[in-house]
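Peer 1:
Protein chains in written order, with my numbering: chain A, 1 to 114; chain B, 1 to 113.
(1) So, under 8 Å CB-CB, residue 75 (chain A) and residue 92 (chain A) are touching, yes? Tell me the CB distance rounded to an integer number of Å.
(2) Under 7 Å between beta-carbons, which chain A residues line up against residue 74 (chain B)? List them in chain order, please.
(3) Below 8 Å, how does it come out for the stretch 58-76 of chain B and the stretch 19-29 of chain B: are there three or more Cβ pairs, yes or no?
(4) Could you compute how far the alpha carbon of residue 104 (chain B) sits from the alpha carbon of residue 86 (chain B)?
(5) Ordered along the chain, which non-local residues of its own chain (more than five positions away) have a Cβ less than 6 Å from that of residue 81 (chain A)?
(6) With a threshold of 7 Å on Cβ separation, who are the neighbours of residue 59 (chain A) within its own chain once the five nearest residues in sequence on each side are excluded?
(7) Can you give the Cα-Cα distance for residue 90 (chain A) and residue 34 (chain A), rounded to whole angstroms?
(8) Could you list the residues in the stretch 39-57 of chain A with a C-beta less than 9 Å from some C-beta on chain B, going in chain order?
(9) Based on the DSSP secondary-structure assignment, which residues constitute the bridge partners of residue 42 (chain B)?
(10) Going by C-alpha distance, which of B:3, B:2, B:7 is nearest residue 106 (chain B)?
(11) Since residue 55 (chain B) is in the beta strand (DSSP E), which residue starts that stretch and which ends it?
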């Protein structure tokens with residue numbers, strides 16, 4: 001039973017390029033969460049999605065960031081025109097339901113913007 | 001919005017000493033979860049507490065949920081080098097049909113062998 005998968009594990013982008021981060025939830029999980037973690041910081045909630053729906057995007061920056069979770073395929077976190085401040089670890093987590101249940105985290109994508 | 005404060009930010013102990021991290025919420029929680037993240041790794045779920053005053057144990061780890069459901073603690077007895085990592089609490093807030101998990105900043109535990 002494969003866990004949450006994220007790719008790429010490491011991503012280097014130059015300022016102004018686009019970054020696409022992928023997350024495949026655990027089998028049977030239809031709820032996906034994205035978090036951002038800066039060095040020595042906690043996990044900052046970004047967005048919560050179910051299949052084809054954004055449920056809560058209150059943690060997403062208003063510009064340049066978007067997320068989707070299509071009917072088929074992985075969830076995608078997209079960052080347009082990256083800046084140095086976007087450098088961080090981005091974790092995806094999944095759960096079988098969205099209320100009060102543990103979240104299973106993927107290994108993360110370490111994004112470095114040069 | 002909801003905030004979860006966690007202290008201390010760092011804790012260094014000698015192997016065999018005890019360790020405690022504390023978590024406080026500004027508002028009443030629906031539940032609280034604890035996660036552990038090893039250096040360079042990803043958060044791994046440890047436990048969830050739901051009931052007021054609940055205490056749960058996992059070997060040398062003891063988790064408590066306060067009576068008012070606003071605070072929680074994780075206590076490790078006789079630390080080992082394998083306990084090294086960052087321990088996060090995550091408070092669950094329920095408002096109507098919405099539910100949100102808010103993470104504390106974590107406590108980084110280092111253990112000197």
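Just so you know, even glycine gets a beta-carbon here, dropped at the ideal spot from N, CA and C.
Peer 2: Here's the rundown:
(1) Between residue 92 (chain A) and residue 75 (chain A) the Cβ distance is about 7 Å, and since that is below 8 Å, they are a contact.
(2) Near residue 74 (chain B) there are no residues of chain A at all, since even the closest Cβ is about 15 Å away, more than 7 Å.
(3) Taking 8 Å as the limit for Cβ pairs, the verdict is that the stretch 19-29 of chain B does touch the stretch 58-76 of chain B.
(4) Rounded to whole angstroms, residue 104 (chain B) and residue 86 (chain B) show a C-alpha spacing of 11 Å.
(5) Cβ neighbours of residue 81 (chain A) beyond the five flanking positions: 16, 64.
(6) Counting only Cβ-Cβ distances below 7 Å, and skipping sequence neighbours, we find 44, 45, 46, 47.
(7) Per the coordinates, the alpha-carbon of residue 90 (chain A) lies some 7 Å from the alpha-carbon of residue 34 (chain A).
(8) Those would be 40, 41, 42, 43, 44, 45, 48, 55, 56, in chain order.
(9) Residue 42 (chain B) is not bridged to any residue.
(10) Ranking the options by Cα distance to residue 106 (chain B), first place goes to B:7.
(11) From DSSP, the beta strand (DSSP E) with residue 55 (chain B) extends over 55-58.
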